[in-house]
Amino acid sequence: MNQNNITSEIIQKERDFVLQTYPRLPFVLSRGQGAYLFDTAENKYLDFGSGIAVTALGHCDKDVVRAIQQQVQKLSHVSNLYHSAPQAELAEKLCQLSFADKVFFSNSGTEAVEASLKFSRKYAKEKFGAGKTKLVAFSNGFHGRTFGALSITDREKYQAPFRPLLSEVEIIPYNDITAAQQTIDATTCAVVVEVVQGEGGINLANQQFMVALREICTKNDALLIVDEIQTGFGRTGTLWAYQHYEIQPDLMTLAKAMGGGLPIGATLLTNDVAEIITAGDHGSTFGGGPVAASAALVVLEQIRTPSMLKNVQELGTYLHDELIALELPQVIEIRSIGLMVGIELNTAAEPYYKKAHEYGILLLTAGPNVIRLLPPLTVTKDEIDKFIQAFNNLLMGKMHE
Ligand code: PLP
Numbered sequence: 003m004n005q006n007n008i009t010s011e012i013i014q015k016e017r018d019f020v021l022q023t024y025p026r027l028p029f030v031l032s033r034g035q036g037a038y039l040f041d042t043a044e045n046k047y048l049d050f051g052s053g054i055a056v057t058a059l060g061h062c063d064k065d066v067v068r069a070i071q072q073q074v075q076k077l078s079h080v081s082n083l084y085h086s087a088p089q090a091e092l093a094e095k096l097c098q099l100s101f102a103d104k105v106f107f108s109n110s111g112t113e114a115v116e117a118s119l120k121f122s123r124k125y126a127k128e129k130f131g132a133g134k135t136k137l138v139a140f141s142n143g144f145h146g147r148t149f150g151a152l153s154i155t156d157r158e159k160y161q162a163p164f165r166p167l168l169s170e171v172e173i174i175p176y177n178d179i180t181a182a183q184q185t186i187d188a189t190t191c192a193v194v195v196e197v198v199q200g201e202g203g204i205n206l207a208n209q210q211f212m213v214a215l216r217e218i219c220t221k222n223d224a225l226l227i228v229d230e231i232q233t234g235f236g237r238t239g240t241l242w243a244y245q246h247y248e249i250q251p252d253l254m255t256l257a258k259a260m261g262g263g264l265p266i267g268a269t270l271l272t273n274d275v276a277e278i279i280t281a282g283d284h285g286s287t288f289g290g291g292p293v294a295a296s297a298a299l300v301v302l303e304q305i306r307t308p309s310m311l312k313n314v315q316e317l318g319t320y321l322h323d324e325l326i327a328l329e330l331p332q333v334i335e336i337r338s339i340g341l342m343v344g345i346e347l348n349t350a351a352e353p354y355y356k357k358a359h360e361y362g363i364l365l366l367t368a369g370p371n372v373i374r375l376l377p378p379l380t381v382t383k384d385e386i387d388k389f390i391q392a393f394n395n396l397l398m399g400k401m402h403e
């Protein structure tokens, strides 16, 4: 069977048997190396989406692959009824490298958010009694698809089919200190915020807003949860995006880049909150399993290095400047921090997302008018130059040679 037939057969099987919750692009990816992905017909794509902020070290990083291989040969799973070294070591490193004192492990972003909501509810109830249950989140925020996370995700289209959701939720405008002052009160249990809104269009929180939010939360005994599922692990040029601001959260949610491609999520918390949580309050069969935790240890060790974070800062600036220099007529604004870039267009972004592969590049959207770029943190200047040329051709409708 030739490659074209294999490709169409796989696409047909996916359509026949996989629940159609995702529209997919018309090729089948078969392998990846560094910043590149290859399909079954050996077409090569420069991957500036990184599996939606997952493959931060590029595809098949040799140290991540080695750690997975070594661990899977020794012990691939133990339940959380037993101790295992990779999980304990990973928790220690995460705490040493952040504000946190304790970690709860799960398998995805939405699970990390669910855990943060449950921990906050129990904390508020135990410490302050019944009635302190309100959750505050922000317009255009995205926190996941399970019921709790969906309830604080400001997307009519995602919420409508599944109502009723959690009732004690208030969504307020992002970067609006007055709205935060008016809404966050003694009945507020927790405030959930993305330091940079990813799915919502690459919107950056401003300094005064984050500082004010921290103060308002403290004043009202409300916990501040930063959702760093997309921004964490060096994406913005610091290990955690909250480090750009002079604040410390009470809880932080992580996932995506954490496992180098394997599913793992984490909810980080201070001792003040952790003391309230006892055995049986929450759990996960797979959470923090030895293989994913071994991969995550390598990811964390590599990303935390000053040279990696410097690469993100410098090449992020370079990518931003090169995009501006293109002077594309569709571009209204370019918003970026580190290697997290939003290109706001005066037209729909989706047609470019769908056509990009024909130009040998893969990119993402963030809302109807924003093209989102999340290249691997290991991207090189040469790869950015190649991307810029292809991106220019894509937006100018010129087929490359
Ligand atoms: N929170 C943020 C900020 C995200 O960007 C995402 C996913 O895009 C999630 C939560 C949900 O993560 P997951 O898809 O792993 O459940």
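Residue 3 is where the sequence shown starts when you use the numbering used here, and the numbers rise one by one after that.
Ideal Cβ placement from N, Cα and C applies to all residues, glycine included.
Being a predicted model, the structure only gives us computed values, none of them experimental.
Compute the Euclidean distance between the alpha carbons of residue i and residue j, then round it to the nearest angstrom.
i    : j    : result
L77  : Q71  : 10 Å
C219 : Q161 : 26 Å
Y247 : F101 : 13 Å
R374 : L92  : 30 Å
E16  : F130 : 50 Å
D274 : I336 : 40 Å
I249 : V193 : 14 Å
T380 : G36  : 8 Å
K400 : L364 : 17 Å
N371 : Q199 : 15 Å
L396 : Y354 : 7 Å
V138 : F164 : 20 Å
D387 : N313 : 15 Å
A298 : L119 : 24 Å
Y244 : P251 : 8 Å
K136 : I8   : 52 Å
T367 : Q14  : 25 Å
I204 : K64  : 31 Å
P378 : I305 : 11 Å
L99  : A132 : 34 Å
M310 : A188 : 42 Å
G1   : N82  : Since the first residue of the chain shown is 3 and the last is 403, residue 1 is not available in this structure.
A358 : Q184 : 44 Å
S10  : T42  : 10 Å
S141 : Q75  : 46 Å
CB-CB under 7 Å to residue i, same chain, minus the five flanking residues each way: which ones, in chain order?
i    : result
Q73  : P88, P292, V293, S296
A182 : I174, A214, L215, I218
A224 : I186, T190, C191, A192, V193
P265 : N109, S110, A294
G362 : K46, Y47, L48, A392
R123 : T135, C191
Bridge partners for residue i per DSSP, in chain order?
i    : result
M342 : I339
D229 : T255
Q35  : Y38
A139 : I173
G267 : S108
H61  : G36
K76  : DSSP, once it has assigned bridges, lists no residue as partnering K76.
V56  : Partner(s): none; V56 has no beta bridge.
Q210 : Paired residues: none, contrary to the question.
G262 : L264
I179 : Its beta-bridge partners do not exist; DSSP assigns none.
D49  : L364
Tell me which residues share the same chain as residue i and place their Cβ nearer than 6 Å to its Cβ, disregarding the 5 neighbours each side in the sequence.
i    : result
G234 : W242, L256
T104 : It should be noted that the sequence gives Lys, not Thr, for residue 104. Cβ neighbours of K104 beyond the five flanking positions: L271, A276.
F106 : A117, T269
K127 : none
E113 : G267
S52  : L376, P378
G60  : G36, A37, P378, T380
A69  : S296, A297, V300
N394 : L328
In chain order, what residues of the same chain lie with their CB nearer than 8 Å to the CB of residue i, ignoring the 5 residues before and after it?
i    : result
E403 : Residue confidence for E403 is low, a pLDDT of 45 falling below 50, so the modelled location carries little weight; the figure read from the coordinates is stated next. So the list is empty, once near-sequence residues are dropped.
F40  : L31, S32, R33, G34, K46, Y47
Q410 : Residue 410 cannot be examined here, being either before or after the span of the chain that is shown, 3 to 403.
M398 : L330
Starting from the Cα of residue i, find the closest Cα among the options and give me that residue.
i    : options                : result
S286 : S110, Q22, D41, V30    : S110
V56  : H79, V115, I231        : I231
Q1   : E44, V20, Q22          : The displayed coordinates of the chain run from 3 to 403. Any statement about residue 1 would go beyond what the structure contains.
R147 : N222, E201, L311       : E201
R237 : M260, N222, A90        : M260
V228 : A207, N222, K221       : A207
Y125 : T307, T382, I334, L226 : L226
F121 : V195, T349, M254, L311 : M254
V67  : N222, G263, I390, T240 : G263
G369 : V20, F149, A351        : A351
L96  : E303, T42, V197, T23   : E303
C62  : I339, N394, V333, V300 : V300
Sorry if obvious, but does the Cβ on residue i come closer than 7 Å to a heavy atom of the ligand MG?
i    : result
S110 : For the ligand MG, the structure offers nothing, since it holds only the ligand PLP.
**OP:** State whether the stretch 307-327 contacts the stretch 279-286, with contact taken as three or more CB pairs (one from each stretch) at a distance under 8 Å.
**Re:** For the pair of segments examined, the stretch 307-327 was found not to touch the stretch 279-286: the number of CB pairs separated by less than 8 Å stays below three.
**OP:** Taking 8 Å as the threshold, find out whether the stretch 145-155 comes into contact with the stretch 163-170 through three or more Cβ pairs.
**Re:** yes
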